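First comes the structure, then the notes that go with it.
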């Protein structure tokens, strides 16, 4: 049972790429899909890391569940929205995990690791 803890390093892109209608015919999906959820197991979390374990990866799951499939098929298109959502959460006091994006100071090898350098949300303010 999850002995290597690989799932702890699933980033938002892996969550986003999961197709909620994978086993359902495309024509039937909109009528058969009533909802969805993103689960978080607690054997490796406590109060010090629960928020950045959940957020903002749960936002990636939510966007896939509540958006038109054709509009949510590409992680490259979603990446700027995802990065901004993480910053939005941080500005509101939610300790969301660093963005696993590309570029100087933005690369993050896993959702529970520190970012590779300074920047992040401060660079995105306009």
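In the UniProt record's numbering, the protein residues as written are 1 to 126. In this text, a Cβ means the ideal position worked out from N, Cα and C, and glycines have one as well. Nothing here was measured: the structure is a model prediction, and the numbers come from that model.
In the structure shown, what three-state DSSP assignment does residue i receive?
i: residue 24; result: coil
i: residue 103; result: Because the pLDDT at residue 103 is just 41, under 50, the model does not fix this residue reliably, and the value given afterwards should be weighed accordingly. Three-state DSSP puts residue 103 in coil, outside helix and strand.
i: residue 96; result: coil
Locate the alpha helix (DSSP H) running through residue i, then write down its first and last residues.
i: residue 75; result: 75-91
Using a 10 Å radius around the Cβ and a threshold of 16 neighbouring Cβ atoms, would you call residue i buried or exposed?
i: residue 64; result: buried
Looking at chain C, is there any beta carbon in it that lies within less than 7 Å of the beta carbon of residue i?
i: residue 71; result: Going by chain labels, chain C is absent from the structure shown, which holds only one protein chain.
Alpha helix (DSSP H) runs wholly inside the UniProt domain "Glycoside hydrolase family 20 catalytic" (11-67), at least 4 long, in chain order
12-17, 26-32, 50-54 and 57-66
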